[in-house]
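**Q**
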Amino acid sequence: MSKATLRSMVLSAAMGALALALPVAFHAVGLGSRFLPMLLPLLVNGYLSRWPWAVATGFCIPWISAFATGMPPLYPPIAAIMSAEGAVLAAAAATTARFPLALSAAIAVAAGRITALAGTYAAAAWLDLPPGFASLALLVQGLPGVVLQLVVAPLAVAALRRRGGILLHETGLV
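Taking the numbering used here, the leading residue of the sequence shown gets 1, the next gets one more, and so forth.
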């Protein structure tokens, strides 16, 4: 196993653990669905890990959380929607990591939200709910989380790049 693979594995595990813990803390005070706390570490992981690890983590963490805590729910298929959103978010962050951080984060968050909107639209239509209203509700409800991602993720990644450390060497991020 290469050092880069091992680093990506460790970083993905750490970001995955954070993505499992943050929603519990946010939901404890009633802010979970507004601030999208699971997605923030998944976005940061897109910058820190190799793309296959970041995408796999983004895809798997919503399912692990759903089975471990019941959130996001399996029905309606919020876990499936968040799984697709997490994977796309991480993939977009990983593929645009060489762009300026603010631009890269905006692209990644937009790609993730578009995925979530498409999934919500399809799920609402499948459940005989008004798909346009459900998608609009998702968009409006998640705006604080989008702002959080656009502000915190670039700052966190920039701080990690400045600080460096053994886990970030040879990944091309320092």
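The beta-carbon is built from N, C-alpha and C at its ideal position, and this holds for glycine as well. Since the structure is predicted, the reported quantities are computational estimates derived from the model, not experimental observations.
#1: Using a 10 Å radius around the Cβ and a threshold of 16 neighbouring Cβ atoms, would you call W126 buried or exposed?
#2: From what residue to what residue does the alpha helix (DSSP H) around G211 run?
#3: Let me check understanding here. Comparing Cα to Cα, which of G112, L101 and I81 lies closest to V88?
#4: By how many angstroms is the C-alpha of V147 removed from the C-alpha of P37?
#5: Can you round the beta-carbon distance between P41 and L18 to whole angstroms, since I take them to be within the 8 angstroms contact cut?
#6: Tell me which same chain residues have a C-beta within less than 7 angstroms of the C-beta of V174, skipping the five on either side of it?
#7: Tell me whether the beta-carbon of A105 lies closer than 7 angstroms to the beta-carbon of A153.
#8: How should M82 be labelled, buried or exposed, when 16 other C-beta atoms within 10 angstroms of its C-beta is the threshold for buried?
**A** Taking the geometry as given:
#1: Result: exposed.
#2: Absent from the structure is residue 211, since the part of the chain shown begins at 1 and ends at 174.
#3: Checked all of G112, L101 and I81; the closest Cα to V88 is G112.
#4: About 12 angstroms.
#5: P41 to L18, Cβ: 4 angstroms. Contact.
#6: In this prediction, V174 scores a pLDDT of 47, lower than 50, which makes its location untrustworthy; the coordinate-derived value is nonetheless stated afterwards. Around V174, the same chain offers R161, G164 and L168 as residues with beta carbons nearer than 7 angstroms, after the five sequence neighbours per side are excluded.
#7: Between A105 and A153, the C-beta gap is smaller than 7 angstroms, which places the two residues in contact.
#8: So M82 counts as buried.
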